[in-house]
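S.K.:
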Amino acid sequence: MTTRKRSRRRILSSMLATAASGLAVSSVSAATGEVRLVSFSSASIDANRDFGIDNPEQVREGDVLIMYVGGGGGVPESDQPGWTRFASCQQEYNGQDECLAYGGADLNGQVFYRVATNDEPDTYEIKIGSSSHASASIIALRGADTSDPIYSSAGLVNDYDGGESHCPSTDGVEGGMHICGWVHDDPQRIQEPDRMTIRTDLTIGGDALQTATNSLNRTGETDRIVAEHTNDPPGGSSDLSIAVVVRPGPSDGDGGNNGGEGDNGNEGDNGNEDQTGNEDQTGNEGGNGNSGENGNGGSDGSGSYPDWQEDEVYLEGDRVIHDGAVWEAQWWTQGEEPRDEQWYVWKRVKDTSSVTPVDPGAGPTPAWDSSKIYREDDRVTHDGTTWEAQWWTQGQEPRNEAWYVWQPAE
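In my numbering, the protein residues as written are 277 to 686.
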């Protein structure tokens with residue numbers, strides 16, 4: 277029986293082949309953008325046969341998909357059609373202190389990537405070899421370098437000494453996305469580690485696969501991630517982990533051809549859907565005024581935020597006021613009412629004693645800033661004219677041109 281879990285997360289090709297026990301870093305490109313989380317999905321199988329995993333929601337052409345595949349009691353096949361495998365880690369016996377090369381193993385983890393096209397399937401087929409239990413998780417990212425997305429990777433085998441599991445340090449880059457994936461051979465779990473957010477958490481037949489992400493704001497070693505267990509694993513238990521850093525694309529859009537927005541005037545999924553009115557870190561108070569971390573009071577929660585609206589689309593980092601509290605979206609959401617619940621899309625930030633809801637239309641129209649992200653209907657001033665964004669954009673200077681992202685506001 278196949279088990280699938282599907283959730284929505286925000287926003288957001290040379291092969292790097294490496295023995296996962298080491299650290300592999302590909303050459304650094306001139307990338308100054310930011311990789312953003314779009315969504316994720318996961319699935320598992322409790323029998324020795326192939327299974328399917330859903331394409332994460334809100335994926336569009338140019339997004340980079342990172343897929344972890346893990347299994348116990350055998351080894352999943354190394355080749356997944358349409359995907360590039362770039363890292364793996366194998367454990368063959370308890371007490372092993374480093375990843376083995378690909379081959380027969382008691383526990384196996386592999387990581388793949390692909391760049392989304394404009395015709396992605398609804399479900400990806402995962403081919404399994406001899407594994408009795410297998411799981412897969414896909415992390416969808418936007419803003420990555422589509423020609424060479426993998427910046428670094430590293431693997432580690434954990435024995436359960438001291439009630440914690442580690443994710444190895446790897447080389448990080450500013451604006452990149454740091455991902456850790458744990459493959460467990462017993463029904464233990466990790467608590468959410470510092471500096472990371474758990475995205476997928478899947479159990480199958482006593483084995484498990486968990487992934488967590490972190491947006492990087494500096495270049496340098498990510499340092500080892502330490503995650504404490506939520507339970508006491510049985511004796512002889514162990515797991516393995518693989519760390520990945522995804523490289524950001526150029527700052528003038530969504531990473532090369534990523535997102536399909538810009539001068540081509542594409543609409544619909546290419547830059548004009550889940551971005552509408554909610555992109556965070558923009559510092560822009562146009563549209564509905566829900567500008568996330570920087571445009572609506574700052575990440576410290578000291579300013580004003582809009583009231584939660586059931587029909588509004590919110591992205592990771594967006595903040596709203598509801599039932600006397602400030603809430604922050606942990607991933608893409610619409611119609612899900614903020615409440616206190618573990619692993620829920622909304623997380624309580626603070627009470628609203630010092631916070632006043634903001635009028636979405638209040639305040640002067642800001643000047644265009646080449647470093648900021650704008651979404652559909654956002655307005656800016658530039659060269660004495662007020663301009664309105666037709667779809668998601670960054671770094672594209674307003675000018676009067678047919679079918680361009682910026683048009684004079686009416």
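Even glycine gets a Cβ: it sits at the ideal position worked out from N, Cα and C.
DSSP on S364, reduced to helix/strand/coil?
M.R.: Three-state result, S364: strand.
S.K.: Assuming the contact rule is C-beta atoms closer than 8 angstroms, A410 and I342 should be a hit. Round their C-beta distance to whole Å, please.
M.R.: Not a contact, Cβ separation roughly 17 angstroms.
S.K.: Taking the alpha carbon of W644 as the reference point, which residue from R651, D477, W622, P674 has its own alpha carbon closest?
M.R.: Closest option to W644, Cα to Cα, is P674.
S.K.: If we ignore side chains and look at the alpha-carbon of each, how far apart do R651 and P684 end up?
M.R.: Each residue's alpha carbon lies about 15 angstroms from the other.
S.K.: Taking DSSP's pairing of strands, which residues face N384 in a bridge?
M.R.: N384 pairs with G347, Q366.
S.K.: Which whole-angstrom value is the C-beta distance of I466 and T506, which I expect to be below 8 angstroms?
M.R.: Rounded, the Cβ-Cβ distance is 7 angstroms, consistent with contact.
S.K.: Compare the C-alpha of W622 against each of V391, G385, H598 and name the closest.
M.R.: When each option's Cα is compared against that of W622, the closest is H598.
S.K.: Assuming N490 is part of the beta strand (DSSP E), what are its boundary residues?
M.R.: It spans 483–491 - the beta strand (DSSP E) in which N490 sits, taken as one unbroken run.
S.K.: Tell me which residue opens and which closes the beta strand (DSSP E) that V656 is part of.
M.R.: 655–658 is the span of the beta strand (DSSP E), which, as asked, contains V656.
S.K.: Along the chain, where does the beta strand (DSSP E) that runs through C276 open and close?
M.R.: Nothing can be reported for residue 276, as the shown portion of the chain is limited to 277 through 686.
S.K.: Given a cut-off of 9 angstroms on the beta-carbon distance, is the pair E497 and G431 in contact?
M.R.: Not a contact, by the Cβ cut-off of 9 angstroms.
S.K.: Report the residue from E310, F327, D339 whose alpha carbon sits nearest the alpha carbon of A316.
M.R.: The sequence shown places Phe at residue 316, rather than the Ala named in the question. Of the listed residues, the one whose Cα sits closest to F316 is D339.
S.K.: Going by the beta-carbon positions, is the gap between D594 and E604 smaller than 9 angstroms?
M.R.: Cβ atoms of D594 and E604: closer than 9 angstroms.
S.K.: Applying the 10 Å Cβ sphere with the 16-neighbour rule, what's the burial state of N490?
M.R.: Flag for N490 reads buried.
S.K.: How many angstroms separate the CA atom of A307 from the CA atom of V522?
M.R.: Unreliable positioning characterises A307 in this predicted model, as indicated by a pLDDT of 37, which lies under 50. The coordinate reading is nonetheless provided below. In a straight line, the C-alpha of A307 is about 11 angstroms away from that of V522.
S.K.: If you check the beta carbons only, do R500 and H442 fall under 9 angstroms apart?
M.R.: Taking 9 angstroms as the Cβ cut-off, R500 and H442 qualify as a contacting pair.
S.K.: Can you check DSSP and say which residues form a bridge with R418?
M.R.: DSSP, once it has assigned bridges, lists R312 as partnering R418.
S.K.: For the beta strand (DSSP E) that contains T399, what are its first and last residues?
M.R.: 399–402 is the extent of the beta strand (DSSP E) around T399.
S.K.: Does N493 pass the burial test, meaning 16 or more other C-beta atoms within 10 Å, or should it be called exposed?
M.R.: N493 comes out exposed.
S.K.: Using only the alpha-carbon positions, how far apart do Y620 and G611 sit?
M.R.: Taking the straight line from one Cα to the other gives about 13 angstroms.
S.K.: Please report the distance separating the alpha-carbon of W668 from that of K648.
M.R.: Computed Cα separation, rounded: 11 angstroms.
S.K.: In terms of residues, what are the limits of the beta strand (DSSP E) holding I501?
M.R.: First-last of the beta strand (DSSP E) with I501: 501–504.
S.K.: Could you have a look at Q670 and say whether DSSP puts it in helix, strand or coil?
M.R.: Residue state, collapsed to three classes: strand.
S.K.: Using the Cβ count rule (16 or more neighbours within 10 Å means buried), how would you classify G309?
M.R.: Burial call: buried.
S.K.: In or out: T393 buried (at least 16 other Cβ within 10 Å) or exposed?
M.R.: Flag for T393 reads exposed.
S.K.: Please state the DSSP three-state secondary structure of K648.
M.R.: Coil at K648, not helix or strand.
S.K.: Pick from V602, Q618, E592, R624: whose alpha carbon is nearest that of T609?
M.R.: Among V602, Q618, E592, R624, the Cα nearest to that of T609 belongs to E592.
S.K.: Would P332 pass as a contact of A416 if the rule is Cβ separation under 9 angstroms?
M.R.: Contact flag set, yes.
S.K.: With DSSP as the reference, identify every bridge partner of C443, one or two as the case may be.
M.R.: Looking at the DSSP assignment, C443 forms a beta bridge with I501.
S.K.: For the candidate residues G385, R390, D382, D330, whose alpha-carbon lies nearest to that of E337?
M.R.: The option with the nearest alpha carbon to E337 is R390.
S.K.: Can you find the residues in the same chain that come closer than 8 angstroms, C-beta to C-beta, to T641, ignoring five residues on each side of it along the sequence?
M.R.: Result list for T641: G562, R655, V656, T657, T662, in chain order.
S.K.: Identify, in the order they occur along the chain, each residue of the same chain with its Cβ nearer than 6 angstroms to the Cβ of S646, setting aside the five sequence neighbours on each side.
M.R.: Around S646: G671.
S.K.: So what does T393 bridge to, in DSSP terms?
M.R.: DSSP lists no partner for T393.
S.K.: Helix, strand or coil: how does DSSP classify P684 here?
M.R.: The answer is strand: DSSP assigns P684 an E or B state.
S.K.: Comparing alpha-carbon positions, which option in P526, T476, T495, W458 lies nearest S504?
M.R.: For the record, residue 504 in the displayed sequence is Glu; it is not Ser. Of P526, T476, T495, W458, the residue nearest in Cα terms is W458.
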